[in-house]
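Asker: Would you mind keeping the following structure in view while I ask a few things?
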Amino acid sequence: KNQVEQSPQSLIILEGKNCTLQCNYTVSPFSNLRWYKQDTGRGPVSLTIMTFSENTKSNGRYTATLDADTKQSSLHITASQLSDSASYICVVRPYSGGGADGLTFGKGTHLIIQP
Amino acid sequence: NAGVTQTPKFRILKIGQSMTLQCTQDMNHNYMYWYRQDPGMGLKLIYYSVGAGITDKGEVPNGYNVSRSTTEDFPLRLELAAPSQTSVYFCASSYSQGAMSNQPQHFGDGTRLSIL
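As you go down the protein sequences, you meet chains A and B in turn.
So the first sequence is residues 15 to 129, counted in our numbering.
So the second sequence is residues 184 to 299, counted in our numbering.
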């Protein structure tokens with residue numbers, strides 16, 4: 015069964031500090047890996063999408079890395095801001111030859127930025 | 184920039200009641216989806232649609248029904264509400280979701296549903 019495991023479950027850091035969130039997956043072969051940000055009471059918003067051939071992708075202060083050999087991805091947040099407080103969800107899409115039902119969602123990392 | 188709009192935002196139902204969760208998108212996306220998000224769990228796919236008139240079951244379809252008469256609208260129907268259906272429901276849309284698609288999904292802000 016395809017699985018996506020995220021760690022830590024929750025994280026508290028001070029404003030201005032950096033942090034790294036982890037995602038391990040068992041989906042194989044896979045098409046792409048996505049990171050979403052979900053603010054409290056809102057729907058997820060896409061941060062990055064990486065194909066199996068990409069190693070890194072940035073979106074402002076967010077940088078995602080991917081190691082397809084070890085089936086690991088990380089999301090690095092630089093110079094954190096209060097607005098970064100949210101849940102971060104890792105999503106993996108298998109290479110299924112078609113179909114829209116293959117996305118596997120992680121449970122998310124709940125990040126709290128303290129002033 | 185409306186994107187994906189869901190109504191209502193909150194609802195409390197009694198066991199056995201029925202209701203329809205509304206979802207509409209203004210991005211002309213072919214693909215639309217319904218997910219449920221339970222506390223501490225990843226999103227689970229209920230139903231999806233690849234275009235008007237075409238729907239298919241996801242991972243957890245029991246107790247739900249959908250229809251897709253237009254590109255814009257994708258309502259989710261609960262016929263006999265049960266406590267196990269207490270959850271947050273998210274509608275999403277995307278341009279495509281083929282095997283190599285890198286198109287992101289755009290989510291609405293959810294409907295918080297409690298069955299008592």
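Each residue gets a CB set at the ideal place from its N, CA and C atoms; glycine is no exception.
1. Which residues share a DSSP beta bridge with R48/A?
2. Say whether chain B places a C-beta atom closer than 8 Å to the C-beta of S60/A.
3. Sort E29/A, N46/A, P58/A by Cα distance to N69/A and report the nearest one.
4. Counting only runs that start and end within the stretch 227-293 of chain B, where is the beta strand (DSSP E) found for 3 or more residues in a row?
5. Looking at the unbroken beta strand (DSSP E) that takes in S42/A, where does it start and where does it end?
6. Of all the CB atoms in chain B, is at least one closer than 8 Å to the CB of F119/A?
7. L305/B touches chain A at which residues, Cβ-Cβ below 9 Å?
8. Pair every Cβ in the stretch 114-129 of chain A with every Cβ in the stretch 186-197 of chain B, then say whether three or more of these pairs are closer than 8 Å.
9. Check whether the Cβ of T65/A lies closer than 8 Å to any Cβ atom in chain B.
10. CA-CA distance, N248/B and R260/B?
11. Determine the direct distance from the alpha carbon of Y109/A to that of D83/A, and round the result to whole angstroms.
12. Report the three-state DSSP secondary structure of D53/A (helix, strand or coil).
13. For G293/B versus Q205/B, is the C-beta distance shorter than 8 Å?
14. If we ignore side chains and look at the alpha-carbon of each, how far apart do G112/A and V233/B end up?
15. To the nearest angstrom, how far is it from the Cα of Q86/A to the Cα of A264/B?
16. What's the C-alpha gap between M224/B and R48/A?
17. Only counting the same chain, and skipping five residues up and downstream in sequence, which positions put a Cβ closer than 8 Å to that of H289/B?
Answerer: Reading it off the structure:
1. I63/A, V105/A
2. yes
3. N46/A
4. 227-234, 237-240, 247-249, 259-261, 270-277
5. Unbroken run through S42/A: none, as it is neither H nor E.
6. yes
7. Residue coverage of chain B in this structure runs from 184 to 299, which leaves residue 305/B outside it and unanswerable.
8. no
9. yes
10. Each residue's alpha carbon lies about 5 Å from the other.
11. Cα-Cα distance, rounded: 16 Å.
12. coil
13. no
14. Residue placement at G112/A cannot be trusted, given a pLDDT of 48 that sits under 50; the coordinates are not used to answer.
15. 39 Å
16. 17 Å
17. G186, V187, Q208, M210, H212, A275, S276, S277
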